[in-house]
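Trainee:
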Amino acid sequence: MQRTLPGHPIEILLVEDNPGDVRLIQEVMAETRIQNVIYVTRDGVEALAFLRREGAYKACPRPDLILLDLNLPRKDGREVLREIKQSSDLHYIPVVIFTTSQDEEDILSAYDMHANCYIAKPVELNQFIKAIRSVEDFWFTVVKLPPK
Amino acid sequence: MLSHEVPFQDLFELAPDATVIVDSQGVIQLVNAQVERWFGYQPQELPGQPIEILIPEAIRELHQRHRSTYSTNPRTRPMGQGLDLLARRKDGSVFPVEISLSPLQVKGEYWVIASIRDVSEQRQTLESLRQQSLLFQLLRDIAIASNESVSTHDTLQFALDRICAHTGWPVGHVYLPAHHPGGEMVSARIWHLDDPERFAIFRQITEMTPLAPSVGLVGTVVTTQSPQWISDVSSDPKFVRTQRSNGMDLGVHGAFAFPVLVGPEVVAVLEFFSPHRADPDLAFLEAMIQIGIQLGRVVERERAAGVMAEQTRHLREQADLLDQTHDAIVVRSLDGTIRYWNRGAEAVYGWSAEQALGERSHILLATTFPTSHEEIEQILLRNGRWEGELRHRRHDGAVVTVESRWTLQRDEQQTPIGILEINSDITQRKRAEEEANRFFNVSIDMLCIAGFDGYFKRINPSFERNLGWRAEDLTAVPFLEFVHPDDRAATLAEMEKLTGGTPTFYFTNRYRCADGSYKWLQWMAIPYIDDGLMYGVARDVTDEKRLQEALVHQARELKRSNDELAQFAYVASHDLQEPLRMVASYMQLLARRYRGQLDATADAFIAYAVDGAQRMQVLIWDLLAYSHVTTRGNPFTLVEGDAVLQRALTNLKLAIEESGAILTVESLPTLVGDEIQLVQLFQNLISNAIKFRYREPPHIHISAEQDNQQWIITIRDNGIGIDPQYAERIFLVFQRLHTREEYPGTGIGLAICKKIVERHGGRIWVESQPQEGATFYVALPVNATMQTAYPPASIGDAVTF
């Protein structure tokens, strides 16, 4: 968990086990116009603890958006998604599935569990940057999110 | 004067006859003591009386005339020759006499000495003889009538008539035993009536009066089996018919009755009635006993005749039946001469009765015996019967097998007189049996007949061959002992079903072989409850069972393997791509961050690295697509070929427009398959045709025709063509004939086509020459089964991925 910018930035929970992807996302987000804070958890158990403000995460905020990879250690992204969407406290938080998988079944099951959108990570960097920017644009400028 | 002459007087007195001396005037001069005794006169009472005093009044005048005639020609002679002379006693009674007359000259006159002999006894004897003679005549007549009798009825009638004639009695009648039980005698309505009108009432009452044993005249005859006499039935309280007459005069008085006897049995009673009282005549009744016995013979004979007629009828019926039967029935005498030959025999042997009768049966039929003929004859003589199988030669030379039953026929003295032989033709059955036996013996399957008792009754040689046991081993103990212990409960349950009448289909259990190993047997069995038997067929399915187990194992392995591969495919789509993305992304990030600080060579290297990572990713996607043909296939449905093609063309719209390709399409048939895959099949083939175009514009022709049970779909182009040596290689995964610079692509398209076609049970091939265009053929079965993939997805994937 790291705080990159002060003030009242957009707060994003990134659930991602691959440090390369974490860094890449952070790099891309750093270049954006929108002020943001990215909290990172590396597996599903940590992610849920963060969201429920358990243990070390007591003082953590509720994120405005969750970027969720599907294949995670300990508790995988599908279970995390299900628990979020079944929780009356958490289900309103938009969850963007951001994963390598392009498998149809993954896509269908994610939407089935009320994922807000599903994005396959592009191989090409420009495409990757575009995808991240699109998420930012859509969720933080286009969409009216519920108040915290 | 004579009285003085003593010697003469003594002689006169000593004479056995009564002697009367009469003078010429017919006056009695002298009589001896016999005269006084016989005629009932006192001494000295008769002399001086006319001789006519000794003669019945009726003939005295006649006698006087005869006497005067005699005096004119006196001589010694018997008096009244040819006449029955009668004398009159003093009391007036008359008795028969014989008289001898002798003249005696006394004082010039002719006196007469008459010797009188009493012939009463003689006459009685004669009468008795005459009566007896008549009786004999009667007996003889009835005996003759009895012998010549044609019917009992007529003979009884004749006896009635003759006895009535003999006795002069006007009424004769016959009682017979009633046919119904009870032992009563009833009127036979056989009558002799001299005056039917006079005795009508008696007749009526008689015919309405059955008589139980001991009751009345007839009943007494029945009980005593002897003749009875009633002097006057009108005053006899035991005479039933008088009691029933209500005082009416029946007109009968004297009566007798006698039995007709067969042995001790009274088969009829004859009764006779006189209008007068009559005293018993025992001699006569004796004769009647004889007549009863004579008549009894008639009844006996008629009975026997009746029995014979019945027997004859019975025999005729039997003979008819014998002719009805298909069995050959032959009667032969002890020497083998054929005496009877029924229609069945004619049919079985082809010899007519005319031809067979009189022939020696075993020669005619060339009999083959199971053992020696002598032995069979001995058995027949000892037991009275013999049964067995014989072979006979027919008239036409063919040999028939018969099941033969012999019965020895004996006469009344138990002397053997002939042999009844009944032969059933079992040639067909025998042949069928033999055929069945041959099949039984030759069968590769194990055939058996087992009892509900759990024992094999009969097993074929295949049992021995398959299990290694001898037949005796297998039949000696309950077959359950050969069944694998783990299979016994199931086997018992199956047997229970069988004994309840349910056949067994494809039941399997394990049987122990002689070498200790077990074989899997698969059973079919049908129970025959009435016989308590099961007919079973078993087949050694040990190999199939092993194969099946191997298949099950393999299928399980394949399933596991397939699951692993599906997992692998997922892993490939996800985990393999992350590192690639890292390589590509960070290479690009490097280029982006250090723009201007790297030289052109560094930029080129970065470009190669990124391109490599990206191609690697495409390869992974293609490989996944390839594997998805079987792992992600949809169930087969009826698919319109034209619609499939249109979808493919729609997907290729851009490529077709850009290339200016000209497509000519014939109507395609309805297919059975996975629509999405079929669309992909057409899409890949058409896009290839466009991609590898040669002449402009590219021309593509698509058609279909039926060849037997398959559709042949043809996609012909005028493209660059393919060297035939590569005709097979192009369908392999990632096989390319050109550089990526010439034609982009990984080389997965045709491999996917092949896999789709194979999943549909079809075949794909190409015919082409370089620069001559290529023709791709897709053969798909016309009658593909819905819902079925060829080959099964789980196996196919494992084999071909």
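Chains as they are written, first to last, in the working numbering: chain Z, 1 to 148; chain D, 1001 to 1801.
From the three backbone atoms N, C-alpha and C, an ideal C-beta is built for every residue, glycine too.
What would DSSP say about Val1020 (chain D), mapped onto helix, strand or coil?
Mentor: Here Val1020 (chain D) sits in strand by DSSP.
Trainee: Residue range of the beta strand (DSSP E) that Pro1806 (chain D) falls in?
Mentor: The first residue shown for chain D is 1001 and the last is 1801, placing residue 1806 (chain D) beyond what the model contains.
Trainee: Could you check where the alpha helix (DSSP H) with Tyr118 (chain Z) kicks off and where it finishes?
Mentor: No alpha helix (DSSP H) contains Tyr118 (chain Z), which is instead part of the beta strand (DSSP E) from Cys117 to Ala120.
Trainee: State the DSSP-derived secondary structure class of Cys1448 (chain D), mapped to helix, strand or coil.
Mentor: Cys1448 (chain D) falls in the strand class under three-state DSSP.
Trainee: Using a beta-carbon distance below 9 angstroms, is Asp1797 (chain D) in contact with chain Z?
Mentor: Residue placement at Asp1797 (chain D) cannot be trusted, given a pLDDT of 37 that sits under 50; the coordinates are not used to answer.
Trainee: Find the residues of chain Z that neighbour Ala1584 (chain D), judging by a C-beta separation of less than 8 angstroms, and give them in chain order.
Mentor: Correct list: Val123, Glu124 and Leu125.
Trainee: Closest Cβ-Cβ distance between Gln26 (chain Z) and chain D: below 9 angstroms?
Mentor: Gln26 (chain Z) does not count as touching chain D.
Trainee: Do you know how far the Cα of Asp1642 (chain D) is from the Cα of Ala1648 (chain D)?
Mentor: Roughly 10 angstroms separates the two Cα atoms.
Trainee: Ser1214 (chain D) and Thr1206 (chain D) - do their beta-carbons sit closer together than 9 angstroms?
Mentor: No. Outside cutoff.
Trainee: Which residues in chain Z have a C-beta closer than 7 angstroms to the C-beta of Glu1564 (chain D)? List them in chain order.
Mentor: None at all; the shortest Cβ gap to chain Z is about 16 angstroms.
Trainee: For Pro1016 (chain D), collect the residues of the same chain with a Cβ closer than 6 angstroms to its Cβ; drop the 5 residues on either side in sequence, then sort them by chain order.
Mentor: Contacts found: none.
Trainee: Give me the residue from D:Asp1327, D:Arg1332 and D:Leu1334 with the minimum Cα distance to Gly1344 (chain D).
Mentor: It is D:Asp1327.
Trainee: If you draw a straight line from the C-alpha of Ala1604 (chain D) to the C-alpha of Gly1762 (chain D), how long is it?
Mentor: Distance between the alpha carbons of Ala1604 (chain D) and Gly1762 (chain D): 47 angstroms.
Trainee: Would you verify that the beta carbon of Asn18 (chain Z) is, or is not, closer than 9 angstroms to some beta carbon of chain D?
Mentor: With 9 angstroms as the cut-off, Asn18 (chain Z) counts as an interface residue toward chain D.
Trainee: Distance check for Gln1522 (chain D) and Asp1540 (chain D), CA to CA, integer angstroms please.
Mentor: Looking at the two C-alpha atoms, the distance is approximately 7 angstroms.
Trainee: Out of D:Asn1651, D:Gly1749, D:Leu1160 and D:Glu1271, state which residue places its alpha-carbon closest to the alpha-carbon of Gly1216 (chain D).
Mentor: Per the Cα distances, D:Glu1271.
Trainee: Are the beta-carbon atoms of Leu1654 (chain D) and Ile1686 (chain D) separated by less than 9 angstroms?
Mentor: No. Outside cutoff.
Trainee: Which of helix, strand or coil does DSSP assign to Gln1225 (chain D)?
Mentor: Three-state DSSP puts Gln1225 (chain D) in coil, outside helix and strand.
Trainee: Given a cut-off of 9 angstroms, decide if Leu1474 (chain D) and Phe1463 (chain D) are closer than it, judged by their beta-carbon atoms.
Mentor: Taking 9 angstroms as the Cβ cut-off, Phe1463 (chain D) and Leu1474 (chain D) qualify as a contacting pair.
Trainee: Asn71 (chain Z) touches chain D at which residues, Cβ-Cβ below 7 angstroms?
Mentor: Within 7 angstroms Cβ-Cβ: His1574.
Trainee: In terms of residue numbering, what span does the alpha helix (DSSP H) encompassing Leu1654 (chain D) cover?
Mentor: Note, Leu1654 (chain D): alpha helix (DSSP H), Lys1653 to Ser1659.
Trainee: Is Leu1390 (chain D) closer than 9 angstroms to Thr1407 (chain D) when the C-beta atoms are compared?
Mentor: For Thr1407 (chain D) and Leu1390 (chain D), no; Cβs fall outside 9 angstroms.
Trainee: Under 9 angstroms Cβ-Cβ, which residues of chain D neighbour Phe98 (chain Z)?
Mentor: Under the 9 angstroms cutoff, chain D gives no residues; its nearest Cβ is about 12 angstroms from Phe98 (chain Z).
Trainee: What is the DSSP secondary structure of Phe1463 (chain D), reduced to helix, strand or coil?
Mentor: Reduced to three states, the DSSP call for Phe1463 (chain D) is helix.
Trainee: So what's Pro1416 (chain D) in DSSP terms, helix, strand or just coil?
Mentor: Reduced to three states, the DSSP call for Pro1416 (chain D) is strand.
Trainee: In chain order, what residues of the same chain lie with their CB nearer than 8 angstroms to the CB of Val1679 (chain D), ignoring the 5 residues before and after it?
Mentor: Same-chain partners within the cutoff: Val1644, Arg1647, Ala1648 and Asn1651.
Trainee: How many angstroms separate the CA atom of Gln35 (chain Z) from the CA atom of Ile1620 (chain D)?
Mentor: Distance between the alpha carbons of Gln35 (chain Z) and Ile1620 (chain D): 37 angstroms.
Trainee: Please tell me whether Arg1581 (chain D) has its Cβ less than 9 angstroms away from any Cβ of chain Z.
Mentor: Output row for Arg1581 (chain D): interface = yes.
Trainee: What residues of chain D sit near Phe128 (chain Z), judged by a beta carbon separation below 7 angstroms?
Mentor: Correct list: Ser1585.
Trainee: On the criterion of 16 or more Cβ atoms from any shown chain inside 10 Å, does Asp1396 (chain D) qualify as buried, or is it exposed?
Mentor: Answer is exposed; the Cβ neighbour count stays below 16.
Trainee: Quick one: does Asp163 (chain Z) have its CB under 9 angstroms from some CB of chain D?
Mentor: Any property of residue 163 (chain Z) remains undetermined from this structure, which presents chain Z solely from 1 to 148.
Trainee: Against Ala1613 (chain D), what residues of chain Z qualify as contacts under a CB-to-CB distance less than 7 angstroms, listed in chain order?
Mentor: In chain order: Val123.
Trainee: Contact between the segment 1279 to 1287 of chain D and the segment 1243 to 1250 of chain D is defined here as three or more beta-carbon pairs at a separation below 8 angstroms; is this criterion met?
Mentor: No: fewer than three Cβ pairs fall under 8 angstroms.
Trainee: When DSSP labels each residue in this structure, what does Met1534 (chain D) get in the three-state scheme?
Mentor: If DSSP states are grouped into helix, strand and coil, Met1534 (chain D) belongs with the strands.
Trainee: Quick check on the DSSP output: the beta strand (DSSP E) that includes Pro1259 (chain D) runs from which residue to which?
Mentor: Residues Ala1255 to Val1262.
Trainee: For Leu14 (chain Z), which beta-bridge partners are listed by DSSP?
Mentor: Paired residues: Z:Val40 and Z:Leu67.
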